[in-house]
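Keeping their order, the protein sequence lines are chains A and B.
Reminder that position 116 of the first sequence reads as 116 in my numbering, one-by-one numbering, no gaps.
Reminder that position 575 of the second sequence reads as 1575 in my numbering, one-by-one numbering, no gaps.
Idealized CB from N, CA, C, for every residue including glycine.
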Amino acid sequence: MEHAKANRLLLVEKVLVLKSLNLFKDTPENILADLAPLMQEMQYEKGVEIFKEGETGDCMYIIEQGSIRIHKGNTTLAILKDKEVFGELSLLDADTRSASATADTDCTLYKIDQEPFYELLDERPEVARGFIKILCQRLRTMNEKSRQSDIG
Amino acid sequence: MNRRPFLLQLLNVRTSEWRLVSQLFWLQFFMGTGIAFFFTASFSHFLEKFYASEVAWVMIISSPLLFFTGWIFNKFEHHFHLTRVGTIVIIFMAASILILQLSSTLIKADWFDYLIFAWYYVLYLASNLCFWSITSTLFDVRQSKRLFAVISAGDIPAKFIGYTMAYFFVKAIGPLNMLWPAFFFMLGALPFLYKLSKSGVVHHHHHKDHIVESVQGTGFRAFVKRYTLNTLIRRLAVLTFLISACLAIINYALYSEVKENNYDDKSLSNFIILFMAGSQIVALLVKIIFTGRIVSSIGIKKSLLITPLVLLTLLLIVIFAEYAASESKLVFYVFGMAAIAVEVLRTTITNPVFLTVMQPLNPNARSKAHAIVKGIMDPFAFLFAGVLLVFVNTRSANELLVICYVLALLTISWIVSILLVNKSYHNTLLKTISSRFFSQDEFKLSDEEIQQQILKKIKTGKESEIINILQMLNSQISNASKEIIFKLLDHPSYNIRKTTLLLIQNRNIKGAEEKLKYLADHDDDKEIQYLAAQSLCKEDNERHHQKHYLHHHDPKIRLAAITGMIKSPGKENRQRAEELIDNLIQSDRITDKQMALHILNEVKEDYCHPNHSDLFTVNRTLRLAAFKAIGDAASPELVEKVMTYFKEHPLNVASVLHAAGEKAIPVILKYISNNSNRLLKDKLIITLGKIGGETAQNILLQLLEQHPSDSGIIAKALHRSRYRVTPEKQQLLEDIAFAYLTYGVEVLQMQSQLEKQHQKYSVINSSLSIELIEIRNILICLFGCLYDHEKAFKIKQGLDMKKKENVANAMEVIEMTVKKDLAMPFNLLYEPEAIEHRYNSLKNYLPQNKAQNTKDIFSKILTEVPIFYNPWTKASTMYISKKTGTEVAADLIKKFTQSENLLLKETALYAQ
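#1: Anything in chain B within Cβ reach of residue 33 of chain A, meaning under 8 Å, just list it in chain order.
#2: Give me the Cα-Cα distance between residue 1614 of chain B and residue 1457 of chain B, rounded to the nearest whole angstrom.
#3: Give the DSSP bridge partners of residue 80 of chain A, in chain order.
#4: Does residue 84 of chain A get closer than 7 Å to chain B when you measure Cβ to Cβ?
#5: What does residue 109 of chain A pair with, by DSSP beta-bridge criteria?
#6: Tell me, please, whether the CB atom of residue 12 of chain A is closer than 7 Å to any CB atom in chain B?
#7: Measure the beta-carbon distance from residue 1340 of chain B to residue 1404 of chain B and round it to whole angstroms, keeping in mind my assumption that it falls under 8 Å.
#8: With a threshold of 7 Å on Cβ separation, who are the neighbours of residue 1838 of chain B within its own chain once the five nearest residues in sequence on each side are excluded?
#9: Nearest CA to the CA of residue 1073 of chain B: which residue from B:1134, B:1351, B:1038?
#10: Just list the residues that DSSP pairs residue 85 of chain A with in beta bridges.
#11: Return helix, strand or coil for residue 1915 of chain B, following the three-state DSSP convention.
#12: Using a Cβ cut-off of 7 Å, which residues of the segment 1641-1656 of chain B contact any Cβ in chain A, in chain order?
#13: By the criterion of Cβ-Cβ separation under 8 Å, what are the contact partners of residue 16 of chain A in chain B?
#14: What does the alpha-carbon distance come out to for the pair residue 1115 of chain B and residue 1058 of chain B?
#15: Whole angstroms are fine: how far does the CA of residue 1046 of chain B sit from the CA of residue 1055 of chain B?
#16: Find the nearest neighbour of residue 1752 of chain B within the set B:1761, B:1854, B:1836, judged by alpha-carbon distance.
#17: Check whether the segment 127-136 of chain A touches the segment 54-68 of chain A, taking contact to mean three or more Cβ pairs, one atom from each stretch, closer than 8 Å.
#18: Report the neighbours of residue 1906 of chain B on chain A: residues whose CB is nearer than 7 Å to its CB, in chain order.
#19: Could you name the residues of chain A that residue 1685 of chain B contacts, counting a contact when the two beta carbons are closer than 9 Å?
#20: So, helix, strand or coil for residue 51 of chain A, using DSSP?
#21: Listing by chain order, which chain B residues have their CB less than 9 Å from the CB of residue 37 of chain A?
#22: Along the segment 21-32 of chain A, where does the CB come closer than 7 Å to a CB of chain E? Name the residues.
#23: Examine chain A for any beta-carbon lying closer than 7 Å to the beta-carbon of residue 1770 of chain B, and answer yes or no.
#24: Using DSSP bridges, identify the partner residues of residue 1040 of chain B.
#25: Does any residue of chain A have a CB that is nearer than 7 Å to the CB of residue 1910 of chain B?
#26: Roughly how many angstroms separate the alpha carbons of residue 1518 of chain B and residue 1507 of chain B, rounded to a whole number?
#27: List the residues of chain B whose Cβ lies closer than 9 Å to the Cβ of residue 123 of chain A, in chain order.
#28: DSSP on residue 1635 of chain B, reduced to helix/strand/coil?
#29: With distances taken Cα to Cα, identify the nearest neighbour of residue 1185 of chain B among B:1120, B:1421, B:1090, B:1853.
#30: Answer with buried or exposed for residue 80 of chain A, where buried requires no fewer than 16 other C-beta atoms within 10 angstroms of its C-beta.
#31: Among the residues of its own chain, which have a CB less than 8 Å from the CB of residue 1496 of chain B, if the five just before and after it don't count?
#32: Measuring CB to CB, does residue 1417 of chain B end up less than 7 Å from residue 1238 of chain B?
#33: Among B:1336, B:1230, B:1413, B:1178, which residue has its Cα nearest to the Cα of residue 1250 of chain B?
#34: Should the segment 1851-1858 of chain B be regarded as contacting the segment 1884-1891 of chain B, the criterion being three or more beta carbon pairs within less than 8 Å?
#35: Is there a Cβ from chain A that is less than 7 Å from the Cβ of residue 1879 of chain B?
#36: Counting along the chain, where does the alpha helix (DSSP H) carrying residue 1881 of chain B start and finish?
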């Protein structure tokens, strides 16, 4: 079963959750403070499918507690644990999900929807700049990896 | 008692750098001692057998050897990792010393003595190349300023030990036996190189990454070109040549003088040894204690000028003494002083500064710069000095006087060369931070030949080339250029036809009606048709074309016709178009209103419709579109109406105010005076900066004096408006900058206090780092207004990159641009060092009422004095105070329970 719960965490605490993620570790807290109000706490029971492969993605998830199985049919691709994120690209670009996600245990997740996120980007250019920086860093890392594999 | 902190402070070395600095020091010490023993052995042996004048021939002989050594080193450096090159060089030097030692017992010929002495120069060069190639890749420009003096000091005690030991042992074991200790000391350097290699800090030069400096080919021309492409490297090469030549001549002159004053060989070598040892001691003290500080306080140019100016002064004394004094010993002593002074100043100041100048170059270019300084120019300088001295020896009656004149001439060239190097150094620093430069060539169309060339290019050129030509034609419309522009309306490329049409419309170029009509009716591309119809209707005073296109079956052509008419210079045309637009605005159909908006958006820079604001009330989407359709031509009434939506759409309204320009200023000022919402006020102040111009700047300066608490955002706005300070306001802005530096130190002190309980308060410490960055950005904006906006922009870029080299270069630009009283604390505040170290260096800037404990820190943040802290800093402070049970006055938290900011309100309710 899926439940959207009344928020238990303060905004300050949500900022600290965001900061603890690898994705946002270099993003200043004052920018994350704008993102924090968009986090909705969700509860999933073990075995509940969070999204299905091929669905259009329009949100990202942060695992507060529990583990999530990412799979294609019966083939497990990854088991994600606390403080890991999935579906983060859907926040910026709606596309079909490349795999399904199912709760492997009872889980507490934070969901950030694309639409309010877009509105935030409109209102706070510094948040958009923060995300552009994250994307640039990822691109650089990938370029570097591909350059090294070319050399190798 | 641990003496290290005192030693680090004395040597100006940071704790994190100590290990590396000491390893380099010992590497230099062992190589230097080996070289000193070799010099003592070879030089005393040479002077035992030959006159000092023969040293000139040694210089000539060593010249090709040095050239070859530099060339070989360069090859090695390109093919192997630097630590491997270092190992090869050290083993080679040790082996060559051993071979010479063993051969000395077998070979007694004169040429062998010349060779041994010349070999000293080879070893000296090889060890320098090896050591500095490694060192120059390890530090950034600011570290090098501090550290090169200490690191390079390693060879001074080495030389001192070498010369002192020689004094006692040379007669006992014979000069050539001194090669044995030289051999062992040289080998002693290897373990330190190994340690450096194991630490992994020495990087191989990435030649592929620096295409600019790379020149293909292996021939002599490619070799020369490689070292002359970069202006800074080229100028450094000339400067090095001059310095090396001067020093070779000075040393030679001193040795000759010593001989001329009737010293025998024994006393002569003792004199040389004592002279060298004494000067090394003075050099060591000056170098370790003063050099880093001298360079930091007086800068690169003045530091480099010290040596030639002292030399020039002493040369003048020698010349004067030569004419005035009958006692020849007086000339000798003065000249001896000159030699010591130059030797000391060269080792203590010139060389370390020289290496600092190369630091802004990328590692590959830097290595080349170093090779050129130590490797390539020395042979030429030695050859030049040797030939000159042989010539003077054989031709001149008063050798010393001629040498003095030659030296004076070389020293003047040396000074000029320093000025040129300094200029290149500045340029290189700026380029290193950002290399986004472009320039547009201009041309004159009056020349028939150029016209023909352009016409030819239009036929054969690429699309981008032709568009480029159009942009250049835009700057000089004439009959000749019109002819070319009209030809381009027939061009097969859509982009070229479109650009040409826009040019014709924007510059009101007449005479192409026939072609425009053809395009409007027959062009394959709809966009071209609209643009052509628009252009025709703009100029049509007889309404023939207007009638045709206003009733066209394609609604977009009809729109284009109205747009053209509203842009028309004719009053009647505009009135008619205005009525047509009004019909669309007042229409009940949304599509008509959208058509009106389409037109208004296109003409917003030239025209404002009196009923534009009627579109605001339809719905949100149309309102925002109507905002976008407001431009420079907006009426004050329209701007005022837009302002009523500021709370609802702050960003969109701010964009309208910016687009409306100066006429929005009174409306902005009224809002700022009557409202207290900080976030909205800040947006308006920044908008004033974006509008720019004298009026906006004066308003901002008034606000600065009336509302000092808003000085941060006002400084940003002034920088945004490219405000350049006037002499009357200079002091005001400098005072504000100094105040922000003080706030920065206060924040640093808070961090230093909180750091002692790191885990407990790490969240607040991290938010204080954000505050420090905010203060830094405000300071950079103030520096822009006070000194140079472009440089301020580049400084921010460099600091934002967060890479060690970029930060160092940015701080170097600050030192060169900003007043010293502001630059020095700024750099100390933001250098990438530990908080404690930075705070200790800046303690003197701290205000009296500093925070004594955590409670004080929390209170300061929540009181928002003297700066407005970020909502996140305040929220995290309230949160942590509750979590850790740190007592804070209740009213400081209570006031935030009414805040409009959700984060602050929620946290305050939790924490109270």
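If we stick to the structure as given:
#1: Here residue 33 of chain A corresponds to residue number 33 of the first sequence, with the count starting at 1. Residues of chain B with a Cβ closer than 8 Å to the Cβ of residue 33 of chain A are, in chain order, 1871, 1872, 1875, 1903.
#2: Locating residue 1614 of chain B in the second sequence gives position 614, where the first residue counts as 1. Locating residue 1457 of chain B in the second sequence gives position 457, where the first residue counts as 1. So the alpha carbons of these two residues sit roughly 51 Å apart.
#3: Taking the first residue of the first sequence as position 1, residue 80 of chain A is located at position 80. Partner residues in the beta bridge of residue 80 of chain A, as assigned by DSSP, are A:68.
#4: Indexing the first sequence from 1 puts residue 84 of chain A at position 84. Not an interface residue.
#5: As a position in the first sequence, residue 109 of chain A is number 109, starting the count at 1. DSSP lists A:42, A:63 as partners of residue 109 of chain A.
#6: The count along the first sequence starts at 1 and reaches residue 12 of chain A at position 12. Among the CB atoms of chain B, one or more fall inside 7 Å of the CB of residue 12 of chain A.
#7: On the second sequence, residue 1340 of chain B is found 340 positions in, with the first residue counted as 1. On the second sequence, residue 1404 of chain B is found 404 positions in, with the first residue counted as 1. Actually they are not in contact, since the Cβ atoms of residue 1340 of chain B and residue 1404 of chain B sit about 17 Å apart, beyond 8 Å.
#8: Reading the second sequence from its first residue, position 838 is the one you call residue 1838 of chain B. Non-local C-beta neighbours of residue 1838 of chain B in its own chain, meaning closer than 7 Å and more than five positions away in sequence, comprise 1748, 1828, 1829, 1831, ordered along the chain.
#9: Counted from its first residue, the second sequence places residue 1073 of chain B at position 73. The shortest Cα separation from residue 1073 of chain B among B:1134, B:1351, B:1038 belongs to B:1134.
#10: In the first sequence, the residue the question calls residue 85 of chain A occupies position 85. DSSP, once it has assigned bridges, lists A:62 as partnering residue 85 of chain A.
#11: The requested residue 1915 of chain B does not occur in the structure, where chain B is confined to residues 1001 to 1912.
#12: For the segment 1641-1656 of chain B, the beta-carbon criterion of a distance under 7 Å to any beta-carbon of chain A is satisfied by 1651.
#13: Working through the first sequence from its first residue, we reach residue 16 of chain A at position 16. Against residue 16 of chain A, the close residues of chain B are 1763, in the order they occur along the chain (beta-carbon pairs closer than 8 Å).
#14: Counting from one through the second sequence, the residue named residue 1115 of chain B turns up at place 115. Counting from one through the second sequence, the residue named residue 1058 of chain B turns up at place 58. So the two alpha carbons sit approximately 8 Å from each other.
#15: On the second sequence, residue 1055 of chain B is found 55 positions in, with the first residue counted as 1. On the second sequence, residue 1046 of chain B is found 46 positions in, with the first residue counted as 1. C-alpha separation (whole angstroms): 9 Å.
#16: The count along the second sequence starts at 1 and reaches residue 1752 of chain B at position 752. Ranking the options by Cα distance to residue 1752 of chain B, first place goes to B:1836.
#17: No, the segment 127-136 of chain A is not in contact with the segment 54-68 of chain A.
#18: Position 906 of the second sequence, counting from 1, holds the residue named residue 1906 of chain B. The answer, in chain order, is 10, 11.
#19: Translated into the one-based positions of the second sequence, residue 1685 of chain B becomes position 685. Within 9 Å Cβ-Cβ: nothing; residue 1685 of chain B doesn't reach chain A, min ~16 Å.
#20: Sequence index remark: in the first sequence, residue 51 of chain A carries index 51 (1-based). Strand.
#21: Numbered from 1 along the first sequence, position 37 holds the residue referred to as residue 37 of chain A. In chain order: 1902, 1903.
#22: Reference to chain E is not applicable here, since the protein chains of this structure are A and B.
#23: Mapped onto the second sequence, residue 1770 of chain B falls at position 770. Yes, residue 1770 of chain B counts as interfacial toward chain A.
#24: For the purposes of this step, residue 1040 of chain B is taken as the residue at position 40 of the second sequence. Answer is none; residue 1040 of chain B lacks a bridge partner.
#25: The residue labelled residue 1910 of chain B in the question sits at position 910 within the second sequence. Yes - at least one Cβ of chain A is within 7 Å of the one on residue 1910 of chain B.
#26: By one-based count along the second sequence, residue 1518 of chain B stands at place 518. By one-based count along the second sequence, residue 1507 of chain B stands at place 507. So the alpha carbons of these two residues sit roughly 20 Å apart.
#27: The sequence position of residue 123 of chain A within the first sequence is 123, counting from 1. Correct list: 1650, 1651.
#28: Numbered from its first residue, the second sequence carries residue 1635 of chain B at position 635. In the structure shown, residue 1635 of chain B sits in coil (DSSP, three-state: anything other than H, G, I, E or B).
#29: Stepping through the second sequence from its first residue, residue 1185 of chain B is reached at position 185. The candidate whose alpha carbon is nearest that of residue 1185 of chain B is B:1090.
#30: On the first sequence, position 80 is the one that residue 80 of chain A refers to. Taking every protein chain shown into account, the CB of residue 80 of chain A has 16 or more other CB atoms within 10 angstroms, so this residue is buried.
#31: By one-based count along the second sequence, residue 1496 of chain B stands at place 496. Correct list, in chain order: 1463, 1466, 1467, 1470, 1488.
#32: Position 417 of the second sequence, counted from the start, is the residue given in the question as residue 1417 of chain B. Position 238 of the second sequence, counted from the start, is the residue given in the question as residue 1238 of chain B. Yes; because the gap between Cβ atoms is below 7 Å, this pair is in contact.
#33: Within the second sequence, the letter at position 250 stands for residue 1250 of chain B. Considering only alpha carbons, the answer is B:1336.
#34: Short answer: they touch.
#35: Numbered from 1 along the second sequence, position 879 holds the residue referred to as residue 1879 of chain B. At a cut-off of 7 Å between C-beta atoms, residue 1879 of chain B counts as an interface residue with respect to chain A.
#36: Residue mapping note: residue 1881 of chain B aligns to position 881 of the second sequence, counting from 1. 1871-1884 is the span of the alpha helix (DSSP H), which, as asked, contains residue 1881 of chain B.
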